[in-house]
Amino acid sequence: MTDDWVSLFSGGKDSSWALYQALEEGLNVTRLLTVHPSEDSYMYHVPETQLAQVAAESIGIELVEVDPGDLAASDADDSAAQGDAELEPLEDALTELASDIDLAGVTAGAIESEFQTNRIQEMCDRLGIDLFAPLWQRDPEELAADMLDAGFEITILQVAAYGLDESWLGRTLDADAIDELRELNEEYGVHLLGEGGEFETFVTNGPHMDRRIELEYDTEWNGDSGRVRITDAQLVE
């Protein structure tokens with residue numbers, strides 16, 4: 113049997129880049145795995161995770177979807193307990209997959225979050241598999257440049273940070289946007305790639321995709337934060 117890899121995948125730029133790098137490294141990624149969390153998650157990308165289905169179709173890799181339900185409600189004020197609880201359905205899904213495939217490891221798109229990465233690494237240790245995290249501790253400037261140079265087309269789905277107003281919703285994360293984010297980093301401390309939850313994204317095209325994804329959406333704004341609500345997503349040549 114060949115070693116099979118599972119890519120932890122939301123469709124956002126970070127998990128998409130981890131997947132792309134795994135494919136470039138020659139890892140045999142045979143599954144994408146998407147967790148559909150609640151609106152308040154410590155472990156997972158939240159907005160519009162249903163888009164992972166159309167992204168998987170463009171990428172051409174089978175998608176496994178996990179619905180963790182309403183977890184750790186009694187520990188709502190305990191982030192560590194909720195993070196641990198949120199990980200359980202993911203670990204269960206990987207355990208089940210390991211009975212069907214020769215599971216060698218998982219890919220993850222964490223950049224700086226030890227909260228997430230430590231838990232995923234501990235899960236991999238329990239399962240006896242490897243973790244491929246090519247973004248971990250990388251310089252945000254270099255990562256942003258690499259993503260754009262590779263041809264990633266990235267749409268901003270959600271913002272929640274000083275300096276990011278409603279005009280950023282649905283905006284393409286291109287070189288001009290990176291320049292503005294650099295200024296906002298200096299003024300407000302906004303992370304260049306939104307690692308602190310300042311913004312969330314979705315990759316509509318890239319070198320690992322056969323077809324571009326065209327989005328239609330409405331926007332919601334609530335004073336100092338907002339998000340898009342996808343109304344349609346289509347694959348186009």
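Counting from 113, one number per residue, gives the positions in the sequence shown under the working numbering.
Yeah, the Cβ is synthetic: ideal placement off N, Cα and C, and Gly gets one too.
Source: prediction; values computed, not measured.
Start-to-end residues for the beta strand (DSSP E) that takes in residue i
| i | result |
| --- | --- |
| Glu265 | 265 to 271 |
| Trp117 | 116 to 120 |
| Asp242 | 242 to 244 |
| Arg143 | 141 to 147 |
| Ala220 | No beta strand (DSSP E) holds Ala220; DSSP gives it neither H nor E. |
| Glu299 | Note, Glu299: premise wrong, no beta strand (DSSP E); alpha helix (DSSP H) at 287 to 300. |
| Glu93 | Nothing can be reported for residue 93, as the shown portion of the chain is limited to 113 through 349. |
| Ala175 | Per the sequence presented here, residue 175 reads as Leu, with Ala not at that position. Looking at the DSSP string, the run of the beta strand (DSSP E) that includes Leu175 is 174 to 178. |
Nearest neighbour of residue i, chosen from the options [CA to CA]
| i | options | result |
| --- | --- | --- |
| Glu136 | Phe244, Trp280, Phe311, Arg341 | Phe244 |
| Ser128 | Asp115, Leu199, Thr114, Ile223 | Ile223 |
| Leu247 | Gly240, Arg238, Met259, Leu239 | Met259 |
| Glu160 | His320, Val315, Val348, Gly335 | Val315 |
| Val392 | Leu255, Ser119, Pro149, Gln133 | Only positions 113 to 349 of the chain appear in the structure, and residue 392 is not among them; the question remains open. |
| Asn317 | Phe227, Leu255, Gln133, Thr267 | Thr267 |
| Asn334 | Glu203, Leu293, Gln270 | Gln270 |
| Thr343 | Gly282, His303, Leu305 | Gly282 |
| Glu253 | Val348, Pro149, Leu305 | Leu305 |
| Tyr274 | Gln233, Phe311, Gln228 | Phe311 |
| Asp179 | Val166, Leu202, Gln165 | Leu202 |
| Gln133 | Glu200, Ser211, Ala220, Ala205 | Ala220 |
| Arg324 | His303, Glu349, Ser337 | Glu349 |
| Asp336 | Cys236, Leu285, Ala205, Ser279 | Ser279 |
| Asp251 | Pro149, His303, Val166 | His303 |
Through-space distance from residue j to residue i, alpha-carbon basis
| i | j | result |
| --- | --- | --- |
| Arg339 | Leu163 | 14 Å |
| Glu174 | Glu299 | 42 Å |
| Asn230 | Leu209 | 22 Å |
| Glu332 | Arg341 | 7 Å |
| Ala188 | Asp277 | Any reading at Ala188 must be qualified, since the residue scores a pLDDT of 47, below 50, and its modelled position is unreliable; no value is offered. |
| Gly301 | Leu131 | 28 Å |
| Ser225 | Asp330 | 30 Å |
| Gln346 | Glu326 | 5 Å |
| Ala197 | Ser122 | 19 Å |
| Gly308 | Phe264 | 21 Å |
| Lys125 | Thr313 | 6 Å |
| Leu183 | Val147 | Unreliable positioning characterises Leu183 in this predicted model, as indicated by a pLDDT of 45, which lies under 50. The coordinate reading is nonetheless provided below. In a straight line, the C-alpha of Leu183 is about 13 Å away from that of Val147. |
| Glu295 | Glu328 | 29 Å |
| Thr207 | Gly138 | 23 Å |
| Gln249 | Ile232 | 15 Å |
| Ala168 | His320 | 10 Å |
| Trp117 | Asp242 | 9 Å |
| Phe227 | Leu199 | 12 Å |
| Ser211 | Glu234 | 20 Å |
| Arg238 | Glu292 | 42 Å |
| Val166 | Asp286 | 22 Å |
Beta-carbon proximity list for residue i, same chain, < 7 Å, skipping 5 on both sides
| i | result |
| --- | --- |
| Asp322 | Ser170, Gly172 |
| Ser186 | Confidence at Ser186 is low in this model, with a pLDDT of 39, below 50, so the placement of that residue should be treated as unreliable; the coordinate-derived value is given next. Nothing meets the Cβ criterion. |
| Asp288 | none |
| Asp115 | Asn140, Asp214, Ala216 |
Run of the alpha helix (DSSP H) containing residue i, from where it starts to where it stops
| i | result |
| --- | --- |
| Thr161 | It is not in any alpha helix (DSSP H) - Thr161 carries neither H nor E in the DSSP assignment. |
| Leu372 | This structure leaves residue 372 out entirely; the chain is present only between 113 and 349. |
| Leu131 | 125 to 136 |
Own chain residues within Cβ distance below 6 Å of residue i, not counting five before or after
| i | result |
| --- | --- |
| Val176 | Arg143, Leu145 |
| Gly240 | none |
| Ile290 | Ala256 |
Chain C within 8 Å of residue i, Cβ atoms only
| i | result |
| --- | --- |
| Ser122 | Absent here is chain C; the protein component of the structure consists of one chain. |
Threshold first: 3 residues or longer. Then list the beta strand (DSSP E) segments lying entirely within the segment 315 to 345, N to C. 324 to 333
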